[in-house]
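Taking it in order: structure first as structure tokens, then the write-up.
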Amino acid sequence: MPSPLFPVFLDLAGRRVLLVGGGVVARRKAEALLEAGADVVVGAPALVPELAGAVAEGRLAHRPGPFHPGWLDGAWLVIAATDDPEVNAAVAREAEARRVWVNVVDDAPRCTFQVPARVERGPLQVAISSRGEAPMLARWLRERLETELDPALGELAKWLGAKREALRTRFPETARRRQVIETLIRGPAADALRKGDFAGAEAAFAAALGQDATPRGRVILVGAGPGDPGLLTLRGLRALNQADVVLHDRLVSREVLALARRDAETIEVAKEAGTHHTTQQRIHELLIEHARAGKTVVRLKGGDPFVFGRGGEELEALRGEGIPYEVVPGITAAVACGAYAGIPLTHRDHAQSVRLVTAHCRNSIDTLDWAALAQERQTLAVYMGVQGLDTIRDRLIAHGRAPATPFALVENGSRANQRVVLGTLANLPERALAENVRSPALLILGEVAGLATELHWFGSPPIDAVSPTLAATLSSPSPTTAALTLAA
Ligand SMILES: C[S@@+](CC[C@H](N)C(=O)[O-])C[C@H]1O[C@@H](n2cnc3c(N)ncnc32)[C@H](O)[C@@H]1O
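Residue numbers for the sequence shown follow this note's numbering, so the first one is 174 and each next one is one higher.
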């Protein structure tokens, strides 16, 4: 896989750009370059009338005749837009030798820079690139963004540009300034500009300038969901975009972390269970330290922060220190694993209730109300239970749960490498061992687990293309004892 391109926006004002070619493609490029203020030199034996006109008006310089390497003298950038591949190749070679960035139109391998598809709203520009591999797709995306991006964004960008100096002076601390600008972007100032109400925008600005200039730290406790970035909430995404610091657990997927603000400092605060990890006390200290320094701290936790996430303890610590906080819920593993394995956690015919239980150590296992857990027509979602499956099986059966009760162990739920292992309570630990089930895995036990085979695939590969094991399982007479590999 080749490296991704590094995106930049070039200031071409007054800088020489050589455009080789005199046809319609060159004309389009010349227009864009002139708009950017470049000093454009067109080299070609002949020019289309529009280019010839621009030369006559003195807006372009012309180098007549076949390509000559001397045309590159003084150029910062070159675009080869002729219909002769050999000429384009010669331009690319010469440019490369002189370390001048070159774009050969419609010939990605010869380019050292590419021109993205663009969406513009005043000074705000969104550039889209497919690294030259799928220009049509980039154009399609541009069309979508054109319809989705508010036309008033350009006005807002200009207005904020005019306020920049005043904001810098009033709020010298970057973190605090960012918070105030956030309120302008998301609050009444932007609304007013959208309606063309400039007086309203100015009033909102005056109110913003009246705010306290000292950085105001806070902590946002965010549920990252079980792994699939599509399961992060919009509020969670917004918090990640505002973060100065992100403190995250090991369970948070890389895809979700990649959504954080680029400049945010990311700190992993917990490692694999049983190995070295940051203590809960140290996590509290880190949250408090960073918030006290005026930072917006996002505490990112797998699933939901309040479901076996120790979010409650962290909030108590913050309350104790008077640190402002918010909580953004997330999709907990039980809900996601059920959905992604085709298991409804409740069902009119099979389960009237669902219990979320944790069983990660002997202490927690001993304090559980096994008689209540063993009742029929309810679903148990057992978190962190991979280690104690034999105890779970023995206690449930001893308290009356039928050995034939189906289970599903969902490993890496909602992630690309999700696996679902099915069986009955009687053979729970043996099935887990045989299939080498690893953490993170969630146990769903109850009649509903028997529905796991009634999976519906939308947009995924057909079942027989997924894995021979899965196809065999689905046609097996006793599917509840087979293993499903669901990863595509
Ligand atoms: C410390 S608990 C955190 C639970 C989390 N706060 C939530 O709401 O999902 C960790 C346990 O959650 C379960 N878990 C979390 N993510 C999972 C996933 N993607 N697939 C399966 N189980 C998961 C596993 O049982 C794991 O041992």
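Glycine residues also receive a C-beta, built at the ideal position from the N, C-alpha and C atoms.
Check for me: the beta strand (DSSP E) holding residue 265 runs from which residue to which? No beta strand (DSSP E) contains residue 265, which is instead part of the alpha helix (DSSP H) from 258-270.
As assigned by DSSP and simplified to three states, the class of residue 182: coil
Going by beta-carbon coordinates alone, are residue 199 and residue 227 separated by less than 8 Å? In this structure, residue 199 sits away from residue 227, with a CB-CB distance that is not shorter than 8 Å.
Under 8 Å between the Cβ atoms of residue 425 and residue 397? yes
Following a CB-centred definition, is residue 590 positioned closer than 7 Å to any heavy atom of ligand 1? no
Locate the beta strand (DSSP E) running through residue 563, then write down its first and last residues. Premise fails: residue 563 lies in the alpha helix (DSSP H), 562-571, not in any beta strand (DSSP E).
Nearer than 7 Å: is that true of the beta carbon of residue 537 relative to any heavy atom of ligand 1? no
Can you grab the Cα-Cα spacing for the pair residue 559 / residue 469, in whole Å? 36 Å
Could you check where the beta strand (DSSP E) with residue 364 kicks off and where it finishes? First-last for residue 364: 361-367, but that is the alpha helix (DSSP H), not the beta strand (DSSP E).
What residue from 261, 182, 174 and 230 has the CA that sits closest to residue 192's CA? Residue 192 has its Cα closest to that of 261, out of 261, 182, 174 and 230.
Give the single residue among 405, 488 and 206 whose Cα lies nearest to the Cα of residue 458. 488
Kindly indicate if chain B contains any beta-carbon less than 8 Å away from that of residue 179. Here chain B cannot be found, since the structure has a single protein chain.
Measuring only from the beta carbon, is residue 506 closer than 7 Å to any heavy atom that is part of ligand 2? By its list of ligands, the structure shown excludes ligand 2, since it contains just ligand 1.
With DSSP as the reference, please indicate the residues paired to residue 291 in a beta bridge. Answer is 300, bridged to residue 291.
The alpha helix (DSSP H) with residue 276 in it runs from where to where? Taken as a continuous stretch (DSSP letters only), residue 276 belongs to no alpha helix (DSSP H), being part of the beta strand (DSSP E) at 274-277.
Ligand 1 and residue 614: does the residue's C-beta get closer than 7 Å to at least one heavy atom of that ligand? yes
Grab me the residues of residue 505's own chain with a C-beta within less than 6 Å of its C-beta, minus the 5 sequence neighbours each way, in chain order. 476, 477 and 480, listed in sequence order.
Give the DSSP-derived three-state secondary structure of residue 539 in the structure shown. helix
For residue 664, the three-state DSSP class (helix, strand or coil): There is simply no residue 664 to check, as the chain begins at 174 and stops at 661 in what is shown.
So does residue 580 have its beta carbon nearer than 7 Å to some heavy atom of ligand 1? no
Does the region 582-592 come into contact with the region 507-514, if we say contact requires no fewer than three beta-carbon pairs (one atom in each stretch) closer than 8 Å? yes
Would you tell me roughly how many angstroms separate the C-alpha atoms of residue 184 and residue 529, rounded to the nearest one? 57 Å
Hey, how far is the Cα of residue 622 from the Cα of residue 369? Roughly 57 Å between the two C-alpha positions.
Roughly how far, in whole angstroms, is the beta-carbon of residue 467 from the beta-carbon of residue 390, given that I think they are within contact range, below 8 Å? 5 Å
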